[in-house]
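Taking it in order: structure first as structure tokens, then the write-up.
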Amino acid sequence: MAAWSRRDINRLRSRMAEQGRDIDDTAQEIRFVTRGSMLAAYRMAAGLSQPEVAERFVEAAPGSVMDQPHLSRLEAFPGGGTRAPLATQIITLAGIYGTAPLRLLTAEALDALDPRERAVLLRCSAAFNGSSDVVERQEEATPFPSRFTATTGSPERQVEMAARKALRFAVMAEGANVGPETLEQLREEVSRLSFAYPQQALPTLFGDLVELQDVAFRILEHRQRPHDALDLYLLTGVICGMLAKASHDLGDPKSAMTQARTAYICADNAGHDGLRAWTRGLQSLISYWAGWPSEAVRYAKLGAEPAERTGGTASIWLTSQEARAWAILGHGDNAQAAIDRARDARENVRGDELDALGGIMSFTHPRQLYYVADTRIWLPGAERQAAEAAVEAISAYEAAPPDDRSFSDEAGARTDLALSRAASGDLDGALDALQPVFDLSHAQRIGGVISSMQRVHAALGAPNYRDVRTAKTARAEIEAFTQNSARTAFPR
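Okay, structure coming up:
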């Protein structure tokens, strides 16, 4: 290395760039002349200093630890006394340098890794096959690159990320006409996210949803076989619907409605009444929480016709959503009539393709019970019935299979129970109902949870509680809770 100064390396790098060589060729040449490691060669080929790489590493992987001494030890691996890199560190560095992770390690270095780290890296390598040009195109296909979805995390998380990269590559490889393998991969990824949405914090899913939507849009830009086009529009509509819910959960009803309208267009192109009905339910939900109850009723009614032609649980969602919108407007009779229709719809439901996807795409019985509680809590004099419905919903969620759980709807049922108890003068009971809600992480405090807690805050400010010390303390806790929403949990 003594014979090659930084100036010499820069000259070599510039000369190879003029020759049209890519970073992989340049790194190989630098390693040959310096006799250093591949990690160091790629850094020099990228024209970066160790402090610059450390800074970019922390930006790409928020929460990780990387500084110049640490990077220096990684670059000296597998020399004696050096630190073996983690698979996640190699993947992050590969993203910084614009190459495939395995290119950063020689065969000797790969063999010297911890077996578990080596296994993760090898499992992820399929997503990075091909030239660096392919990797670059894959990154261009991602609106939020790896610094958003975060390259740190468990091996399982890294494998999921690699699978998504492989899906994008498969889309490019199959060209204009999507093949059955790509279509099945897309369906499996949509189902995974649908199941995950009610159970996992939004910051861990949002990047995946954005990326999957981009893949689906790219496929639909090309001409498809007629029998594949219907499936593609259905899956794309579901993705847009989940992103509409995500935008709503982040407190952006305008963006949520834009995504929902796109979902409805996809439902029309797919000719799928189940997705039409589900999307109208989603638009009603967005309107309900945005403070537009009349719009919530209108959208619920718009979904009635397609709901009649489908046997899915979307029909139950529509009527349940209509019930609580009527309740806000003060129409108790209409609200009760909608609750009754939802109960009758449950008896006749057969299930459809959306229910088969599961998760957020299916309206479960515990969720229906929560909507009953959320309806009755708005009706004066119905506090006892609201408490009974809330307790029934909480018990149903606690007894439900894991796939039917929803942290946000369970929190909603608990806030309804707290509201009903506070209205009946049971302050201790109200605070007891809120304890599991207070335990939610910042990332789980989505828009509906924040709004529900703010309703409890208002109730605890009623004249009978205004000067009660316990109520004052609870209001202060709720204020602290609502200041740290899911939006604040996203990486910078």
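Counting the sequence shown from 1 gives a position; our numbering is that position plus 529.
Cβ coordinates follow ideal geometry from the N, Cα and C atoms, glycine included.
Just so we're clear, the structure is a prediction, and the values are computed from it rather than from any experiment.
Residue from the options whose Cα sits closest to the Cα of residue i
i: A819; options: A745, K774, N539, R612; result: K774
i: G624; options: E637, L568, A641; result: L568
i: E882; options: L989, S776, A570, D802; result: D802
i: A789; options: Y899, Q753, A854, S813; result: S813
i: Y899; options: M595, V920, N1013, A947; result: V920
i: Q742; options: I768, G977, F892; result: I768
i: S953; options: F1019, L811, A991; result: A991
i: N798; options: L763, A806, G841; result: L763
i: A972; options: V901, L946, S924, P727; result: P727
i: D938; options: R950, L722, D955, R896; result: R896
i: R536; options: A574, Q557, R564, Q548; result: A574
i: R872; options: S849, L858, G880; result: S849
i: S823; options: T791, H860, T839; result: H860
i: L634; options: A556, A1018, V562, Y828; result: A556
i: T1011; options: W533, Q579, M982, R645; result: M982
i: D955; options: Q548, N993, G565, P931; result: N993
i: W533; options: A825, T765, R564; result: R564
i: G736; options: A792, W821, V587, M771; result: M771
i: A589; options: A988, S980, Y817, I619; result: I619
Other residues of its chain near residue i: CB distance less than 7 Å, five sequence neighbours each side excluded
i: R1022; result: Residue 1022 lies beyond the range of the chain shown here (530 to 1021); nothing can be said about it.
i: D596; result: A583
i: L886; result: V719, S720, S723, V767
i: V901; result: I868, A918
i: L600; result: Q579, V582, A583
i: R870; result: T848
i: E558; result: L541, M545
i: G840; result: V878, R879, G880, D881
i: R1016; result: L779, G780
i: S776; result: S784, A785, Q788
Neighbourhood of residue i by C-beta, 8 Å cutoff - its chain only, sequence neighbours within 5 removed
i: R984; result: T944, L948
i: F606; result: S566, L568, R612, A613, P614, A638, A641
i: M786; result: A773, Q812, I815
i: G576; result: N539, R542
i: Q964; result: none
Spatial neighbours of residue i in its chain, beta-carbon cut-off 6 Å, leaving aside the 5 residues before and after
i: A864; result: A852, W855, A856, T904
i: S935; result: P727
i: V966; result: A940, R943
i: R572; result: V582
i: R809; result: Y828, L831, G832
i: A825; result: S813, S816, Y817, A854
i: G608; result: none
Practice task
Flag this pair as touching only if the region 907-920 and the region 825-844 have three or more C-beta atom pairs under 8 Å; answer yes or no.
Solution key: no
Problem - Cβ contact (3+ pairs, closer than 8 Å) linking the region 839-849 and the region 998-1013 - result: no
Exercise for the section: Counting only runs of 4+ residues fully inside the region 694-781, write out the alpha helix (DSSP H) ranges in chain order. Expected result: 709-725, 735-749, 755-778
Handout entry: Cβ contact (3+ pairs, closer than 8 Å) linking the region 720-734 and the region 744-759
Key = no
Exercise for the section: Would you check if there are 3 or more beta carbon pairs closer than 8 Å linking the region 882-892 to the region 915-929? Expected result: no
Problem - Start-end ranges of the alpha helix (DSSP H) lying completely within the region 904-951, minimum 4 residues - result: 912-928
Exercise for the section: Pair every Cβ in the region 626-640 with every Cβ in the region 545-556, then say whether three or more of these pairs are closer than 8 Å. Expected result: yes
Handout entry: Meets three-Cβ-pair contact criterion under 8 Å: the region 774-786 and the region 957-977
Key = Yes, the region 774-786 is in contact with the region 957-977.
Exercise for the section: Please determine if the region 994-1001 and the region 707-721 are in contact, where contact requires at least 3 C-beta pairs separated by less than 8 Å. Expected result: no
Practice task
Any chance you could list the alpha helix (DSSP H) runs of at least 4 consecutive residues sitting entirely within the region 814-891, in chain order?
Solution key: 822-831, 833-837, 843-857, 861-877, 882-886
Practice task
Give, in chain order, every unbroken run of the alpha helix (DSSP H) that is at least 4 residues long and sits entirely within the region 589-641.
Solution key: List check, alpha helix (DSSP H) in window: 597-605, 616-626, 636-640.
Problem - Sequence ranges, beta strand (DSSP E) only - wholly within the region 953-1002, length at least 3 - result: You should have found no qualifying run.
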